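Below: one structure, written as structure tokens.
In the working numbering, the protein residues as written are 833 to 1225.
Written out as structure tokens, the structure is:
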């Protein structure tokens, strides 16, 4: 008996299982990628950095961890925004709406949080390690339940937008490690931006989140989600409240930083800074233009015969010793093979009769005259004396 076409189609459960296997591979690849960034790539990139090399082993590992955290936060934040904008099914059905970008974002974050949880005990102190371990474990468990049961993907992506503030807090840490004090202008700017993003993503955005949860609680979709995921309400509310409590705890430390940065920037002398920046930019532009003009002039000279003759004369001049005695000068003057004076003239200067006449007279005098240098009027002039014959001597 032949198999019907309907029987040959995969069932819904087998299709979901196949997708689960695919995303488990993505989670594994994500974990390996973040482990490579943390333990190999960052260490190799900064191996010649003097600040990085001067840190202790634990601080270097924290440096690597923050590099990994910055890359993860940047990638995930972009993907979350793209998913919320393009994948409209997430808004239409918050409990069962699916999107490939959103699912990949979950896989990337699960791999990152798992890698960071394993690495943190090596270099973190106990207090910070405990707080971040709780944060990472709660996020990892919640995201994995969303990925496995395909329930509440919208809420996971919405909560993951809190990573928008992470790159700025890491940048503040890097500034402190390279020696910047908190009163530096760039540190104050980054601190203010960090505080603003933290307040928006981690504190203010929880208000519409809980308002939306209150609106859909007990709806038909909520009832179906309970049937698919046992204990949905416990895991949902417990993870959300835990993350909100941690964000409020961090906000107590972040808000004073933002207020101090805003006060410092308000009292800053911006006009003087703008003038200095303008002058520095003008000096750099002038130097670059001067170098370009010099290079252009040299290139033009190289295309003429004069430059080649001057270069050959300079090379001939450099073969002589730095100091000459009177006997050396006399011997070179008497020699027919060499002379300390060479006359060069270019065809480009033929229209100057005076210079041409001087050059020709110099050629005639070179054959029967010796040379001496006298300083007249603070300058160097060349005079010629007729060579006396041996009979007159």
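We treat Cβ as the ideally placed atom computed from N, Cα and C, and that holds for glycine. Note that this is a predicted model, so its numbers are computed, not measured.
Is residue i buried or exposed, if buried means 16 or more other CB atoms sit within 10 Å of its CB?
i, result
"residue 999", "buried"
"residue 939", "buried"
"residue 1118", "exposed"
"residue 1015", "exposed"
"residue 1114", "exposed"
"residue 870", "buried"
"residue 857", "exposed"
"residue 1121", "exposed"
"residue 864", "exposed"
"residue 980", "exposed"
"residue 1046", "exposed"
"residue 935", "buried"
"residue 893", "buried"
"residue 903", "buried"
Using the Cα positions of residue i and residue j, report the straight-line distance between them to the nearest angstrom.
i, j, result
"residue 992", "residue 1111", "44 angstroms"
"residue 1107", "residue 1020", "20 angstroms"
"residue 1030", "residue 1066", "27 angstroms"
"residue 973", "residue 945", "10 angstroms"
"residue 887", "residue 896", "12 angstroms"
"residue 1260", "residue 885", "There is no way to answer for residue 1260, as the model of the chain reaches only from 833 to 1225."
"residue 975", "residue 901", "18 angstroms"
"residue 1180", "residue 1101", "Here residue 1180 scores only 47 on pLDDT, less than 50, and its place in the model should not be relied on; the value that follows carries that caveat. So the alpha carbons of these two residues sit roughly 58 angstroms apart."
"residue 922", "residue 989", "9 angstroms"
"residue 1013", "residue 1022", "13 angstroms"
"residue 1083", "residue 1126", "57 angstroms"
"residue 947", "residue 1056", "34 angstroms"
"residue 909", "residue 1059", "31 angstroms"
"residue 1123", "residue 1131", "12 angstroms"
"residue 883", "residue 1008", "11 angstroms"
"residue 874", "residue 954", "17 angstroms"
"residue 930", "residue 986", "8 angstroms"
"residue 803", "residue 1027", "As shown, the chain starts at 833 and ends at 1225. That puts residue 803 outside it, with no answer to give."
"residue 1069", "residue 983", "14 angstroms"
"residue 1088", "residue 1052", "44 angstroms"
"residue 1128", "residue 956", "57 angstroms"
"residue 1075", "residue 1116", "49 angstroms"
"residue 1039", "residue 994", "13 angstroms"
"residue 1103", "residue 1109", "10 angstroms"
"residue 854", "residue 866", "19 angstroms"
"residue 971", "residue 925", "22 angstroms"
Under 8 angstroms Cβ to Cβ from residue i, same chain only, skipping five residues before and after it: list those, please.
i, result
"residue 933", "911, 914, 915, 918 and 919"
"residue 1080", "1035"
"residue 898", "1002, 1005 and 1006"
"residue 1024", "1090, 1093, 1094 and 1097"
"residue 906", "999"
"residue 1105", "1017"
Please list, in chain order, all residues of the same chain as residue i whose beta carbon is under 7 angstroms from its beta carbon, the five residues on each side excluded.
i, result
"residue 1054", "927 and 1048"
"residue 977", "1061 and 1067"
"residue 859", "939, 942 and 943"
"residue 952", "961, 964 and 965"
"residue 1041", "990"
"residue 890", "955"
Output needed for residue i: all residues of its chain with C-beta closer than 6 angstroms, excluding positions within five of it in sequence on either side, in chain order.
i, result
"residue 1043", "none"
"residue 967", "1078"
"residue 1064", "1057 and 1058"
Would you give the residue range spanned by the alpha helix (DSSP H) that residue i belongs to?
i, result
"residue 890", "889-918"
"residue 1226", "Because the chain spans 833 through 1225 in this model, residue 1226 falls outside it and cannot be assessed."
"residue 1085", "1064-1099"
"residue 1008", "998-1009"
"residue 937", "932-955"
"residue 1031", "Neither: residue 1031 is in no alpha helix (DSSP H) and is coded neither H nor E."
"residue 921", "921-924"
"residue 1041", "1038-1048"
Shorter than 7 angstroms, the distance from the beta carbon of residue i to the closest heavy atom of the ligand MG, or not?
i, result
"residue 1120", "As far as ligands go, the structure on display features none, and thus does not contain the ligand MG."
For the structure I just gave you, are there three or more beta carbon pairs, one from the region 939-952 and one from the region 872-887, closer than 8 angstroms?
no
Check whether the region 997-1013 and the region 953-967 are in contact - that is, three or more C-beta pairs closer than 8 angstroms.
no
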